[in-house]
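This report concerns only the one structure given below.
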Amino acid sequence: MNTLIRGICLVGLLPWLAGCGATEVVVGEAAGVARVVAGVLGETHAISFPDTAPPARATAFPIGSPTGVVGREDGGFVFADGYRRRIGAVSPDGELTWPVGRGACGAVGTPGTDPRSLCLVYPTDVAAAPDGALLIADLGGHRVYRFDPAADRVSVVLGTGTAGLADDGAVAAESPTARPAAVAIGPDNALYVVEAGNHRVVRIGADGKVGTFAGRGTAGDAGDGGPAPEAALRGPEGLAWSGDTAFVSDAGNHRIRRVVGDTIWAFAGLGAEGFAGDRGPAAAALFRKPGALAVGGTLLFVADRGNYRVRLIRLGPDSIDTFAGTGAAVPGPDLFEAGRTAIAGPAGVAAAGRAVFVSDSGGYVVRRIIR
Numbered sequence: 042m043n044t045l046i047r048g049i050c051l052v053g054l055l056p057w058l059a060g061c062g063a064t065e066v067v068v069g070e071a072a073g074v075a076r077v078v079a080g081v082l083g084e085t086h087a088i089s090f091p092d093t094a095p096p097a098r099a100t101a102f103p104i105g106s107p108t109g110v111v112g113r114e115d116g117g118f119v120f121a122d123g124y125r126r127r128i129g130a131v132s133p134d135g136e137l138t139w140p141v142g143r144g145a146c147g148a149v150g151t152p153g154t155d156p157r158s159l160c161l162v163y164p165t166d167v168a169a170a171p172d173g174a175l176l177i178a179d180l181g182g183h184r185v186y187r188f189d190p191a192a193d194r195v196s197v198v199l200g201t202g203t204a205g206l207a208d209d210g211a212v213a214a215e216s217p218t219a220r221p222a223a224v225a226i227g228p229d230n231a232l233y234v235v236e237a238g239n240h241r242v243v244r245i246g247a248d249g250k251v252g253t254f255a256g257r258g259t260a261g262d263a264g265d266g267g268p269a270p271e272a273a274l275r276g277p278e279g280l281a282w283s284g285d286t287a288f289v290s291d292a293g294n295h296r297i298r299r300v301v302g303d304t305i306w307a308f309a310g311l312g313a314e315g316f317a318g319d320r321g322p323a324a325a326a327l328f329r330k331p332g333a334l335a336v337g338g339t340l341l342f343v344a345d346r347g348n349y350r351v352r353l354i355r356l357g358p359d360s361i362d363t364f365a366g367t368g369a370a371v372p373g374p375d376l377f378e379a380g381r382t383a384i385a386g387p388a389g390v391a392a393a394g395r396a397v398f399v400s401d402s403g404g405y406v407v408r409r410i411i412r
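By our numbering, the letter at position 134 of the sequence shown is numbered 175, and the numbering carries on one by one without gaps.
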């Protein structure tokens, strides 16, 4: 049986995805079923697809390699397409558009011009700002962009296009970054950027300046119980907030770290590579290069990339289980139970109400699961 959600327009929250007014949206065939909502399962398209590609039904148009995703409770969502070098937007009624990115191009970045001419290299994540803007992490281009849909304009938030390490207090828009893998808006409305290449997370506040949030800028595995800026991380890839608590996927150390105030702690994972621990305490679990993170209520979703699964951690008490994926590195079928659907490359995860969006980069699709 179809599940229906009746929604209204959320003023200021990515208004370019859908119009205002009451809507009735089909969001899934049944709870727990993984449904393809963008892309054609197992079919990709060359990077040089037409720059003037018209809007299309999201499930009728092959996409490339979906990475980061941000969802809305009305069924709309935005995703980064690393292979196509574009940002895709899907409305609640399933229309696919490409508001940012040129696709095949040469030089890195053309900020301030038409967003559809922006040369992205390998965008990996997106985040919605409170004012309706979209933040874009371009890992391959060593930059973070801000897309303002009202002005139809792109600007640089962080990065020069060349890998480097910014000093604390530096102006972010004029300072380098290295492989920005994820972006998130914190409870203080500041932007937090996960710098995989710099082994740290930085904060960019209203003053537009860089400040270290977690990680000392060199690879390692140390610092639990101490100041977060002095800890050692190894290639972090994901960040999500639950209230005033930040969760960081420390991919190279195969664990999830937790930051409360100024203090960092090991939260989930033993720090060894593997797969184990389902139906047990999260601290005793094993991950293999955990990446994207998302919080939905009291649940933390982890894209356990190397294990081809999305794991679910129930917060307080902290227990873990598999939410989607079987461990097989091949794309599973559409409209099948999530826990029995193979996820060929969980590169992004987002929670929006009862819906969880999963970017299956190896299957070339975005899937949606209703909890």
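C-beta atoms are modelled at their ideal positions from N, C-alpha and C, and glycine is treated no differently.
- Between the segment 270-281 and the segment 312-326, the count of C-beta pairs closer than 8 Å stays below three; the two stretches do not touch.
- Beta bridge pairing from DSSP links lysine 250 with Val212.
- Of the candidates Ala396, Arg352, Gly347, Phe364, the residue whose Cα lies closest to the Cα of glycine 403 is Gly347.
- Below 8 Å, too few C-beta pairs join the segment 368-385 and the segment 299-306 to call them touching: fewer than three.
- Contact between the segment 234-246 and the segment 203-216 is present: three or more C-beta pairs spanning the two stretches fall below 8 Å.
- The C-beta distance from alanine 335 to alanine 385 rounds to 19 Å, too long to meet the 8 Å contact threshold.
- Per DSSP, reduced to three states, the secondary structure at glycine 293 is helical.
- By the criterion of a C-beta distance shorter than 8 Å, arginine 350 is surrounded in its chain by Phe316, Thr363, Phe364, Ala365, Gly366, Thr367, Gly368, Ile384, Pro387, once the five residues flanking it on both sides are discounted.
- A Cβ-Cβ distance of about 10 Å is found for the pair aspartate 345 and alanine 309, leaving them out of contact under the 8 Å criterion.
- Runs of the alpha helix (DSSP H) spanning 4 or more residues and lying entirely within the segment 94-160 do not occur at all.
- Sequence-distant Cβ neighbours of aspartate 291 in its own chain, meaning closer than 6 Å and more than five residues away, are Leu274, Pro277, Arg298.
- Taken through DSSP and simplified to helix, strand or coil, glycine 238 comes out as helix.
- Note: leucine 82 is not bridge-paired with any residue in the DSSP secondary-structure output.
- DSSP, read as helix, strand or coil, puts proline 164 in strand.
- With a 10 Å radius around the Cβ and a threshold of 16 neighbouring Cβ atoms, proline 228 comes out exposed.
- The beta carbon of valine 167 sits closer than 8 Å to the beta carbons of Gly109, Val110, Val111, Val119, Phe120, Ala121, Ile128, Leu175, Leu176, Ile177, Ala178, Val224 from its chain, once the five residues preceding and following it are set aside; these are given in chain order.
- Alanine 101 and valine 406 have their alpha carbons spaced roughly 11 Å apart.
- Contact between valine 251 and proline 221 fails: their C-beta atoms lie close to 12 Å from each other, not under 8 Å.
- Counting along the chain, the unbroken beta strand (DSSP E) around glycine 337 starts and ends at 331-337.
- Taking every protein chain shown into account, the CB of serine 106 has 16 or more other CB atoms within 10 angstroms, so this residue is buried.
- Contact annotation: alanine 99 and alanine 79 have beta-carbon atoms nearer than 8 Å.
- In this structure, threonine 339 places its C-beta atom within 8 Å of the C-beta atom of glycine 357.
- The beta carbon of alanine 219 is closer than 7 Å to those of His183, Ala204, Gly205, Leu206, Glu236, Gly238, Asn239 in its chain, skipping five residues each way along the sequence.
- It is roughly 17 Å from the alpha-carbon of alanine 192 to the alpha-carbon of alanine 130.
- Under DSSP, arginine 194 forms a beta bridge with Asp189.
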